[in-house]
Amino acid sequence: MQLFVFMRKVKNMLKMIRGRRWGLLWDRMPFAKVIFTLTNFIPHPQSYKYIILGGHGVGLTAFLHYLESIHAKPCQVLTYEAVRPFIFWRKFNGFSKQSSDGLVFDKAPLNAYAPSIFKSLKYKVPLYQIIRDPISIIKSNINVSMFHAISKINSQEDASNYLFLTIDHIEHLMFHFTSERALVSHIASEVHYLRMRDIDDSGMLHTMQSFASKFGYNLDSQSSDVVGGGANLPLKAQTTNFQAHIFLPNFISQIIPQLIWIPFKNPLSRARFFLDVFLMFLNIIMRFSSSLHLLVSMGNLSKKSI
Numbered sequence: 000m001q002l003f004v005f006m007r008k009v010k011n012m013l014k015m016i017r018g019r020r021w022g023l024l025w026d027r028m029p030f031a032k033v034i035f036t037l038t039n040f041i042p043h044p045q046s047y048k049y050i051i052l053g054g055h056g057v058g059l060t061a062f063l064h065y066l067e068s069i070h071a072k073p074c075q076v077l078t079y080e081a082v083r084p085f086i087f088w089r090k091f092n093g094f095s096k097q098s099s100d101g102l103v104f105d106k107a108p109l110n111a112y113a114p115s116i117f118k119s120l121k122y123k124v125p126l127y128q129i130i131r132d133p134i135s136i137i138k139s140n141i142n143v144s145m146f147h148a149i150s151k152i153n154s155q156e157d158a159s160n161y162l163f164l165t166i167d168h169i170e171h172l173m174f175h176f177t178s179e180r181a182l183v184s185h186i187a188s189e190v191h192y193l194r195m196r197d198i199d200d201s202g203m204l205h206t207m208q209s210f211a212s213k214f215g216y217n218l219d220s221q222s223s224d225v226v227g228g229g230a231n232l233p234l235k236a237q238t239t240n241f242q243a244h245i246f247l248p249n250f251i252s253q254i255i256p257q258l259i260w261i262p263f264k265n266p267l268s269r270a271r272f273f274l275d276v277f278l279m280f281l282n283i284i285m286r287f288s289s290s291l292h293l294l295v296s297m298g299n300l301s302k303k304s305i
């Protein structure tokens with residue numbers, strides 16, 4: 000029984016890694032966050048094209064969505080306060096399914112190792128910072144925050160107190176970006192400021208054209224999506240790898256295509272393949288163990304009834 004519980008925990012942990020559910024993994028294994036962060040102190044190539052600074056309430060999410068539509072491949076540096084492994088080596092990209100071209104910072108890092116990691120960077124690239132007037136940023140964040148805390152706000156005094164509490168504790172606000180900008184200013188070859196009119200429906204096309212021209216991306220096939228203001232952006236289909244089944248026909252039909260795919264060149268793809276296979280066999284063993292445990296329990300009950 001203890002073996003069954005242990006195998007179930009191992010399976011759940013591997014599923015979290017395979018699904019990149021890092022927040023849940025960090026909560027259950029806080030030491031893993033430190034280990035993943037410390038990998039960036041290991042000497043490795045530095046390769047990235049651009050840096051983006053933004054935050055909540057400045058349109059960063061929409062801007063990143065447009066960058067993905069032209070295959071500019073932006074990537075968040077911090078994931079639940081953990082610095083992604085080898086994130087500054089864009090061909091590796093911290094266990095992601097694809098390489099990254101740009102480094103995205105959306106908050107002031109609370110990770111104690113982050114300043115030292117950023118100071119070790121030497122490769123200089125253009126830096127883009129999205130700016131907006133502070134009042135609009137505060138209003139945008141407060142409206143969202145108060146909606147989630149509506150049950151705790153019963154008077155104007157409660158609202159005022161919550162306002163100042165939000166300003167002091169939300170690290171995504173622009174007030175905190177002075178320190179973050181200082182962390183990466185030594186690797187900024189040039190600085191560009193993006194205003195709200197540069198990333199709205201009227202200015203986004205020009206901004207994307209300039210960005211694509213500067214870094215060699217192809218905007219021609221995506222121009223209609225950019226002009227559409229997000230309404231016509233194509234949805235990327237999310238595909239999942241095979242699921243393990245206890246039945247032999249399903250097992251054969253799903254493992255054969257994976258074995259055909261085995262001579263891949265990407266080591267990360269190879270690692271994901273073996274992780275999938277391991278999860279499949281683990282699932283089969285767990286189901287067999289569960290069935291065996293059920294049969295033993297039924298046998299014991301029948302003996303007691305006799």
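Numbering-wise (numbering that gives the first Met the number 0), the sequence shown opens with residue 0 and increments by one.
For every residue, glycine included, the Cβ atom is placed at its ideal position computed from N, Cα and C.
Just curious, the alpha helix (DSSP H) that residue i is in, first and last residue?
i: Q208; result: M203 to F214
i: Y65; result: L59 to S68
i: S115; result: A113 to K118
i: A31; result: P29 to L37
Using only the alpha-carbon positions, how far apart do residue i and residue j sit?
i: V9; j: V33; result: 20 angstroms
i: S212; j: N160; result: 47 angstroms
i: G56; j: I136; result: 5 angstroms
i: P108; j: I141; result: 21 angstroms
i: S184; j: S201; result: 30 angstroms
i: G53; j: V190; result: 13 angstroms
i: I166; j: I134; result: 11 angstroms
i: Y122; j: G101; result: 12 angstroms
i: P73; j: F87; result: 12 angstroms
i: E156; j: S139; result: 20 angstroms
i: H244; j: Y216; result: Note that H244 scores a pLDDT of 36, beneath 50, so its modelled location is shaky; the value from the coordinates is reported in the next line. Spanning the two alpha carbons is a distance of roughly 42 angstroms.
i: D199; j: R180; result: 24 angstroms
i: S150; j: L164; result: 16 angstroms
i: N11; j: M203; result: 42 angstroms
i: Y79; j: D105; result: 12 angstroms
i: N240; j: I152; result: A caution first: N240 carries a pLDDT of 37, below 50, which makes its placement in the model too unreliable to give a value.
i: H205; j: L218; result: 11 angstroms
i: L162; j: L77; result: 26 angstroms
Roughly how far, in whole angstroms, is the beta-carbon of residue i from the beta-carbon of residue j, given that I think they are within contact range, below 8 angstroms?
i: Y127; j: I51; result: 5 angstroms
i: Y49; j: P125; result: 5 angstroms
i: M195; j: R131; result: 6 angstroms
i: F30; j: A81; result: That belief does not hold up - the Cβ atoms of F30 and A81 are roughly 11 angstroms apart, past 8 angstroms.
i: A71; j: F214; result: 7 angstroms
i: I116; j: G58; result: Not quite, the Cβ-Cβ distance comes to about 27 angstroms (not below 8 angstroms), so this is no contact.
May I ask which residues mark the beginning and end of the beta strand (DSSP E) holding residue i?
i: P108; result: Looking at the DSSP string, P108 is not in any beta strand (DSSP E), and its letter there is neither H nor E.
i: E80; result: Element bounds for E80: n/a, residue is neither H nor E.
i: S150; result: Element bounds for S150: n/a, residue is neither H nor E.
i: A187; result: A187 to L193
Does the beta-carbon of residue i have 16 or more other beta-carbons within 10 angstroms, so that it is buried, or is it exposed?
i: P84; result: buried
i: V143; result: exposed
i: S68; result: buried
i: K118; result: exposed
i: Y192; result: exposed
i: Y65; result: buried
i: S188; result: exposed
i: S99; result: buried
i: F146; result: exposed
| said: Could you check whether the stretch 30-47 touches the stretch 110-127, counting it as contact only if at least three pairs of C-beta atoms, one from each stretch, sit closer than 8 angstroms? | reply: Touching, yes.
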